[in-house]
Amino acid sequence: MDAKELLDAYRQLWVNRSLHVKEDEFETLWSSIVIELKDEMTHPRIRKTPDVKFHSAIKRIISSSLPDTYKVKLIELHSKVLEEVKN
Numbered sequence: 406m407d408a409k410e411l412l413d414a415y416r417q418l419w420v421n422r423s424l425h426v427k428e429d430e431f432e433t434l435w436s437s438i439v440i441e442l443k444d445e446m447t448h449p450r451i452r453k454t455p456d457v458k459f460h461s462a463i464k465r466i467i468s469s470s471l472p473d474t475y476k477v478k479l480i481e482l483h484s485k486v487l488e489e490v491k492n
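Going by the working numbering, the sequence shown opens with residue 406, and the numbers climb by one from there.
Written out as structure tokens, the structure is:
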């Protein structure tokens, strides 16, 4: 499974969200997850912590109709991004 397929799967989770397109699909996906976990699309006074946003994202991924292989890859990627965001 390549970055384009994962990005397409991520877009299925967030149908109405516009993504900041980068040079390649993986970079676009990574930066979109960073923005999601940092809650950057929310006003600063009401932002949630990365841990809370991670939990919400995992629930959304698990309850989606995506194939299990995509779910696992997206959860792994969210975990890696969370580690980076917290450091």
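Quick reminder that beta carbons are idealized off the backbone N, C-alpha and C, glycines included. Note that the structure is a prediction, hence the values are computed from the model and not measured.
C-alpha gap between Ser-484 and Ser-436, whole angstroms | Along the sequence shown, read from residue 1 onward, the residue named residue 484 stands at position 79. Along the sequence shown, read from residue 1 onward, the residue named residue 436 stands at position 31. Cα to Cα, the separation comes out at about 14 angstroms.
Which listed residue (Lys-427, Ser-423, Ile-438 and Lys-453) has its alpha carbon closest to that of Ile-466 = To locate residue 466, count along the sequence shown from 1; it is residue 61. With distances taken between Cα atoms, Ile-466 lies closest to Ile-438.
Indicate whether the contact test is met: 3 or more Cβ pairs, each with one atom in the region 444 to 453 and one in the region 463 to 478, closer than 8 angstroms.
-> The answer is no - the region 463 to 478 does not touch the region 444 to 453, with fewer than three Cβ pairs under 8 angstroms.
DSSP state of Val-493, grouped into three classes?
-> Since the first and last residues shown for the chain are 406 and 492, residue 493 lies out of range.
Which residues bound the alpha helix (DSSP H) around Glu-428?
-> For this step, residue 428 is matched to residue 23 along the sequence shown. From DSSP, Glu-428 is part of no alpha helix (DSSP H); its letter is neither H nor E.
Would you report the Cα separation of Gln-417 and Pro-472, rounded to the nearest angstrom?
-> Here residue 417 refers to the residue found at position 12 when the sequence shown is read from its first residue. Here residue 472 refers to the residue found at position 67 when the sequence shown is read from its first residue. Each residue's Cα considered, the two are about 12 angstroms apart.
Cα-Cα separation, Ala-408 to Asp-429 | Counted from its first residue, the sequence shown places residue 408 at position 3. Counted from its first residue, the sequence shown places residue 429 at position 24. One C-alpha to the other measures close to 8 angstroms.
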